[in-house]
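The UniProt record's numbering puts the first residue of the sequence shown at 1, with every later residue one more than the last.
From the three backbone atoms N, C-alpha and C, an ideal C-beta is built for every residue, glycine too.
Shown next, in structure tokens, is the structure this report addresses.
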Amino acid sequence: MDILKVDRVCKSYGALQVLKQVSLSVSQGSIFAIIGPNGAGKTTLFKVMTGESPANGGSVWFHGEDITSAPAHRRARAGIGRTFQVARVFNDFSVRENVIAAVEARRRNQRQSLGRWWAIKPDSAVVSEAEALIDEIGLGGSEEVAARFLSHGDRKRLEFVIALALQPRLLMLDEPTAGMSPADRLGIAELIVRIRDRLGVTVVMTEHDMDIVFKLADRVLVLNYGEVVVTGTVEEIRGNPAVQEVYLGKEVLHA
Ligand SMILES: Nc1ncnc2c1ncn2[C@@H]1O[C@H](COP(=O)(O)OP(=O)(O)OP(=O)(O)O)[C@@H](O)[C@H]1O
Numbered sequence: 001m002d003i004l005k006v007d008r009v010c011k012s013y014g015a016l017q018v019l020k021q022v023s024l025s026v027s028q029g030s031i032f033a034i035i036g037p038n039g040a041g042k043t044t045l046f047k048v049m050t051g052e053s054p055a056n057g058g059s060v061w062f063h064g065e066d067i068t069s070a071p072a073h074r075r076a077r078a079g080i081g082r083t084f085q086v087a088r089v090f091n092d093f094s095v096r097e098n099v100i101a102a103v104e105a106r107r108r109n110q111r112q113s114l115g116r117w118w119a120i121k122p123d124s125a126v127v128s129e130a131e132a133l134i135d136e137i138g139l140g141g142s143e144e145v146a147a148r149f150l151s152h153g154d155r156k157r158l159e160f161v162i163a164l165a166l167q168p169r170l171l172m173l174d175e176p177t178a179g180m181s182p183a184d185r186l187g188i189a190e191l192i193v194r195i196r197d198r199l200g201v202t203v204v205m206t207e208h209d210m211d212i213v214f215k216l217a218d219r220v221l222v223l224n225y226g227e228v229v230v231t232g233t234v235e236e237i238r239g240n241p242a243v244q245e246v247y248l249g250k251e252v253l254h255a
């Protein structure tokens, strides 16, 4: 079953047409990667899917519902979670406090109440849920550490925990390994697979690191000048002459 569908989406900035009739389908439980050279339109496509930037044409569907005109917060509530290239966490809060805040925010949304979470002692169910998530994502032992003191890799892990605390059905990751050491990148790659396998969350990601994409993705969409070159499995993408043309002169596809 397809959890997300993009149908002939177009996007322009003034006279510049950045996305041209882009279509894709993401099946539930899969890891779907969007790749392409600099300026291909990956981030723009990502924003059209998260609702940060509306499309000029075409449609976006989530679980069979047309969400083309839904704002980002409504999409989040429907089950589309995301992380950002620059982590959005409370620096002075500990790991545990950051996650408790996210779990409380979700519960508040579910209750539709306007309670001030920071004024209320979190109940034990919230704390247990937060701690289980922290363990699951590999931050166990760092609960008391203030976010500002985490390594780049652990900060990204914390951001994953915060996104997962909202219980998304689909997690959108914009360049999840950007700026990381090779070891941290590998750790994040393993974590993404773990999130899909253990929590059943579908993943859509943009990524520059081809090793990571080839390791993780069930399907890959190659974008160039705002157009889909091809969508296929890693094997199909690697052997595709049109894709090799896009990356001509770059070694990435021979890895
Ligand atoms: N807000 C904007 N206003 C005008 N042009 C924009 C805007 N955002 C992106 N663009 C242009 O749209 C094109 C696609 O940009 P986009 O950031 O989506 O590409 P990308 O594939 O994510 O690139 P990169 O890999 O370098 O991050 C580029 O030519 C960019 O300059």
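Quick check on residue i: does DSSP put it in helix, strand or coil?
| i | result |
| --- | --- |
| Ala-146 | strand |
| Val-126 | helix |
| Gly-57 | strand |
| Phe-62 | strand |
| Leu-16 | strand |
| Glu-104 | helix |
| Val-89 | coil |
| Leu-173 | strand |
| Met-1 | coil |
| Ala-33 | strand |
| Gln-21 | strand |
| Thr-233 | coil |
| Arg-218 | The amino acid occupying residue 218 in the given sequence is Asp; Arg does not appear at that position. Asp-218: coil per DSSP, three-state reduction. |
| Asp-209 | coil |
How many Å lie between residue i and residue j at the Cα?
| i | j | result |
| --- | --- | --- |
| Glu-131 | Arg-96 | 7 Å |
| Arg-155 | Leu-19 | 32 Å |
| Glu-65 | Phe-149 | 41 Å |
| Glu-207 | Lys-215 | 12 Å |
| Glu-245 | Asn-224 | 10 Å |
| Ile-67 | Tyr-13 | 21 Å |
| Thr-233 | Asp-218 | 6 Å |
| Ala-15 | Phe-46 | 20 Å |
| Gly-79 | Leu-164 | 10 Å |
| Val-193 | Val-60 | 25 Å |
| residue 259 | Val-213 | Only positions 1 to 255 of the chain appear in this structure, which leaves residue 259 out of reach. |
| Leu-24 | Ile-188 | 25 Å |
| Ile-31 | Val-48 | 18 Å |
Any beta-carbon of chain B closer than 9 Å to the one on residue i?
| i | result |
| --- | --- |
| Leu-186 | Considering every chain present, this structure includes no chain B. It has just one protein chain. |
Leaving aside the five residues before and after residue i along the sequence, list all residues of the same chain whose C-beta is less than 6 Å from its C-beta, in chain order.
| i | result |
| --- | --- |
| Arg-82 | Thr-50, Met-172 |
| Asp-142 | The displayed chain sequence assigns Ser, not Asp, to residue 142. Answer for Ser-142: Val-95, listed in chain order. |
| Ser-113 | For Ser-113, the predicted model reports a pLDDT of 48, less than 50, meaning its position is unreliable and no value from the coordinates is stated. |
| Asn-240 | Val-230 |
| Gln-28 | Met-1, Ile-3, Thr-202 |
Let me confirm a value: residue i is counted as buried when at least 16 other C-beta atoms fall within 10 Å, else exposed. Which label applies?
| i | result |
| --- | --- |
| Lys-11 | buried |
| Asn-38 | exposed |
| Pro-182 | exposed |
| Leu-133 | buried |
| Pro-71 | exposed |
| Pro-54 | exposed |
| Arg-75 | buried |
| Met-1 | exposed |
| Pro-168 | buried |
| Ser-124 | exposed |
| residue 265 | The requested residue 265 is not part of the displayed model; the chain covers only 1 to 255. |
Spatial neighbours of residue i within its chain, please: C-beta separation below 8 Å, excluding the five flanking residues on both sides.
| i | result |
| --- | --- |
| Asp-209 | Thr-177, Arg-185 |
| Leu-170 | Ile-3, Leu-4, Val-26, Phe-62, Gly-79, Ile-80, Gly-81, Val-201, Thr-202, Val-203, Val-204 |
For residue i, which residues of its own chain have a beta-carbon under 7 Å away from its beta-carbon, when the five flanking residues on both sides are left out?
| i | result |
| --- | --- |
| Ile-237 | Val-220, Val-222, Val-230, Val-243 |
| Ile-162 | Val-89, Asn-98, Val-99, Ala-102 |
| Val-145 | Ser-94, Val-95 |
| Gly-139 | First, the amino acid is wrong: residue 139 is Leu here, not Gly. Cβ neighbours of Leu-139 beyond the five flanking positions: Val-95, Asp-154, Arg-157, Leu-158, Val-161. |
- Which residues have their C-beta within less than 5 Å of a heavy atom of ligand 1, listed in chain order? Tyr-13, Val-18, Asn-38, Gly-39, Ala-40, Gly-41, Lys-42, Thr-43, Thr-44
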